[in-house]
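Going letter by letter, the sequence shown gives residues 301 to 755 in the working numbering.
To start, the structure itself, in structure tokens.
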Amino acid sequence: MDTPHPARMHDVTDETRAIVDLVLDYSRQRLLAVDTPLDKPFTDVELTRLAGRTITEEGVGARKALGVFEHVLAPACITTDHPRYLSFIPSAPSKASAAFDVVVSASALYGGSWIEGAGAVHAENEVLRWLADEFGLGPAAGGVFVQGGTLGNLSALVAAREAARDRGIHPDRWRVVCSAEAHSSIASAARVMDVEVVAVPVADDGVLRGDAVRDALDRHGDSVFAVVATAGSTNFGIVDDLAGIADVTTERGVWLHIDGAYGLAARLSPVARELFSGVERADSVIVDPHKWLFAPFDACALIYRDPELGRRAHTQHAEYLDTLTERTEWSPSDFAAHLTRRPRGLPLWFSLASYGAAAYREAITDSLELTARIADEIERRPGFTLVRRPQLSVVVFERDGWTKADYDAWSARLLDDQYAFVTPSSHAGRPNARFAILNPRTTFDDLVGILDTMG
Ligand SMILES: Cc1ncc(COP(=O)(O)O)c(C=O)c1O
């Protein structure tokens with residue numbers, strides 16, 4: 301038995317070499333697997349029984365721990381990059397981005413400050429610059445990769461309120477205006493900030509327009525510190541009228557934040573580019589690489605038109621941090637509600653650098669075209685009703701006559717059969733089914749095969 305010593309876990313020894321080999325071999329095999337099953341959740345009782353106790357004073361050893369992961373824990377996690385995972389918003393990391401995530405961990409990179417992570421921050425900033433140019437946000441634009449869209453929206457809204465305060469506005473109650481179809485993370489941010497959400501009802505097509513925003517601003521005046529437009533709603537993939545809303549926010553001098561967590565990636569495709577006209581006038585935007593930019597969990601690109609406003613709102617001050625905050629270089633910690641961070645933009649950087657932007661445009665265009673094709677198929681099929689014509693890559697449809705219980709039973713059967721992961725959704729109180737299509741490996745036959753299971 302090895303004599304315990306404090307650096308046993310850190311020194312390069314036969315033991316640590318064997319552990320690294322074991323883990324990298326497993327990672328390589330998973331990254332290159334072509335037939336990873338969908339898998340499904342187990343109950344906590346089942347997992348306790350199957351996994352046994354793994355945390356002990358002596359440790360169970362890496363081989364046993366990895367065995368538990370491979371044979372018990374991983375099979376109880378749904379494979380989110382499976383081509384027939386079509387629920388919520390799927391993830392589909394490119395091989396280069398997923399592999400490079402291993403490098404990010406292996407290199408112990410710190411991405412919070414320039415002084416510690418200049419090289420990593422430089423590469424992340426190149427990606428943010430490229431995105432800002434695609435969106436037309438202007439030469440000064442910049443920001444940071446944060447954990448996810450929820451934190452990105454929160455951080456942008458905090459900066460927006462701070463900017464309003466700096467202009468001398470001090471209402472009794474702060475308000476944020478958004479569409480009734482906006483993502484739940486806007487309400488979550490409002491709760492954290494203790495501000496009120498003015499959820500503006502939208503027309504039948506689900507699009508928030510300038511007129512409705514103007515009405516809301518007329519009603520609430522200076523108390524509104526930001527308007528949030530959604531560029532690709534989660535339920536339907538609807539893009540608000542960004543240009544019409546920007547006209548109003550410019551006229552009134554209100555901060556425009558665009559939540560493009562899921563959909564703004566489609567700006568890269570020539571097929572959808574025009575849908576996002578007006579994005580270039582935003583004060584802040586988010587887009588999540590872990591959604592439609594083919595990066596692994598978890599990353600949200602938060603970009604400010606004027607990053608100084610983000611910095612002013614978010615820089616943390618403390619004696620031990622003075623050495624960082626007294627410098628002028630770009631420190632990503634300064635631009636959101638966080639401090640310590642991994643450079644989570646690097647997997648996207650590596651993949652973009654490796655394959656080139658054109659590969660991204662092509663993959664996104666392919667999903668847009670596949671979505672239009674399956675929507676046509678649904679419209680043609682007797683017994684099926686398309687709820688709305690898709691703008692991006694979300695298709696919502698009803699199987700005529702089905703109740704919520706029918707959708708639930710069908711969805712559970714699909715997963716039990718390990719065929720597909722499609723969770724039921726609803727609209728205006730009516731149950732439906734929803735495909736979110738962004739995995740380039742998803743085929744028309746996959747989708748038709750799922751429709752066939754609905755009889
Ligand atoms: C439009 C939109 N905004 C925000 C979010 C929240 O992003 P995250 O889950 O990364 O926090 C989502 C997630 O699906 C989304 O679709």
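Every residue, glycine too, gets a C-beta built ideally from N, C-alpha and C.
All values reported here derive from a predicted model rather than from experimental measurement.
Task: Rounded Cβ spacing between proline 731 and glycine 537 (contact assumed at less than 8 Å) - done: Looking up residue 731 in the sequence shown gives position 431. Looking up residue 537 in the sequence shown gives position 237. 19 Å between Cβ atoms; not a contact.
- [ ] Using alpha carbons as the reference points, say which of Val334, Gly361, Asn425 and Val748 lies closest to histidine 382.
- [x] Working through the sequence shown from its first residue, we reach residue 382 at position 82. Ranking the options by Cα distance to histidine 382, first place goes to Val334.
Open item on the list: Does the distance between the C-beta of asparagine 739 and the nearest non-hydrogen atom of ligand 1 fall short of 7 Å?
Closed with: For the purposes of this step, residue 739 is taken as the residue at position 439 of the sequence shown. At a cut-off of 7 Å, the beta-carbon of asparagine 739 does not count as near ligand 1: no heavy atom of the ligand is closer than that.
- [ ] Kindly indicate which three-state DSSP category glutamate 357 falls into: helix, strand or coil?
- [x] Reading the sequence shown from its first residue, position 57 is the one you call residue 357. In the three-state reduction of the DSSP assignment, glutamate 357 falls in the coil class, being assigned neither a helical nor a strand state.
TODO: Please go through the same chain and pick out, in chain order, the residues whose beta-carbon is closer than 6 Å to the beta-carbon of alanine 526, but skip the five residues on each side of it.
DONE: By one-based count along the sequence shown, residue 526 stands at place 226. Counting only Cβ-Cβ distances below 6 Å, and skipping sequence neighbours, we find Leu457, Ala460, Val476, Trp555 and His557.
Open item on the list: Going by DSSP in three states, leucine 609 sits in which element: helix, strand or coil?
Closed with: For the purposes of this step, residue 609 is taken as residue 309 along the sequence shown, with counting starting at 1. Here leucine 609 sits in helix by DSSP.
- [ ] Would you kindly work out how many angstroms separate the C-alpha atoms of alanine 531 and histidine 422, rounded to a whole number?
- [x] Reading the sequence shown from its first residue, position 231 is the one you call residue 531. Reading the sequence shown from its first residue, position 122 is the one you call residue 422. Using only the alpha carbons, I get a separation of about 28 Å.
- [ ] Leaving out five residues on either side along the sequence, give the residues of the same chain with a beta carbon under 6 Å from the beta carbon of alanine 512.
- [x] Residue numbering aside, residue 512 sits at position 212 when the sequence shown is read from its first letter. Taken in chain order, the residues that qualify are Val500.
Open item on the list: On the CB-based measure, 16 or more other CB atoms within 10 Å of its CB, does proline 570 come out buried or exposed?
Closed with: Working through the sequence shown from its first residue, we reach residue 570 at position 270. That one is exposed.
Open item on the list: Considering only heavy atoms of ligand 1, does any lie closer than 7 Å to the CB of isoleucine 558?
Closed with: The residue you call residue 558 lines up with position 258 of the sequence shown. Incorrect: isoleucine 558 has no Cβ contact closer than 7 Å to ligand 1.
TODO: Return the bridge partner residues of alanine 601 from the DSSP annotation.
DONE: By one-based count along the sequence shown, residue 601 stands at place 301. DSSP lists Phe445 and Val587 as partners of alanine 601.
TODO: Might you give, ordered along the chain, the residues of its own chain that have their beta carbon closer than 6 Å to the beta carbon of serine 725, omitting 5 neighbours on each side?
DONE: What you label residue 725 is simply residue 425 of the sequence shown in a count that begins at 1. Asn732 and Arg734.
Task: Three-way DSSP call (helix, strand, coil) for glutamate 698 in this model - done: Sequence index remark: in the sequence shown, residue 698 carries index 398 (1-based). It is a strand residue.
- [ ] Report yes if the C-beta of cysteine 478 is less than 7 Å from at least one heavy atom of ligand 1; otherwise report no.
- [x] Counting from 1 along the sequence shown, the entry for residue 478 is found at position 178. Flag unset: Cβ of cysteine 478 not near ligand 1.
Open item on the list: Could you check whether alanine 736 and leucine 668 sit closer than 8 Å to each other, using their CB atoms as the reference points?
Closed with: Counting from one through the sequence shown, the residue named residue 668 turns up at place 368. Counting from one through the sequence shown, the residue named residue 736 turns up at place 436. Their beta carbons are not under 8 Å apart, which means leucine 668 does not touch alanine 736 by this criterion.
TODO: Determine, using beta-carbon pairs with one atom in the segment 439-446 and one in the segment 600-613, whether at least three such pairs fall under 8 Å.
DONE: yes
- [ ] Express the C-alpha separation of tryptophan 592 and leucine 670 in angstroms, rounding to a whole number.
- [x] Your numbering for residue 670 matches position 370 in the sequence shown. Your numbering for residue 592 matches position 292 in the sequence shown. Each residue's Cα considered, the two are about 15 Å apart.
Task: Distance between aspartate 583 and glutamate 662 (C-alpha atoms, nearest Å) - done: Locating residue 662 in the sequence shown gives position 362, where the first residue counts as 1. Locating residue 583 in the sequence shown gives position 283, where the first residue counts as 1. Going by the C-alpha atoms only, they are around 28 Å apart.
Task: Beta-carbon proximity of histidine 614 to phenylalanine 635, cut-off 8 Å - done: As a position in the sequence shown, residue 614 is number 314, starting the count at 1. As a position in the sequence shown, residue 635 is number 335, starting the count at 1. Against a cut-off of 8 Å, the Cβ pair of phenylalanine 635 and histidine 614 comes out as a contact.
Open item on the list: From the DSSP secondary-structure annotation, give me the bridge partner or partners of tyrosine 385.
Closed with: Along the sequence shown, one-based indexing puts residue 385 at 85. Phe721.
- [ ] Apply the 10 Å Cβ neighbour rule to cysteine 377 and answer buried if 16 or more other Cβ atoms are within range, or exposed otherwise.
- [x] Position 77 of the sequence shown, counted from the start, is the residue given in the question as residue 377. Exposed, since its Cβ has fewer than 16 Cβ neighbours within 10 Å.
- [ ] Say whether the segment 635-653 touches the segment 395-403, bearing in mind that this needs 3 or more beta-carbon pairs closer than 8 Å, one atom from each stretch.
- [x] Under the three-pair Cβ rule at 8 Å, the segment 635-653 counts as touching the segment 395-403.
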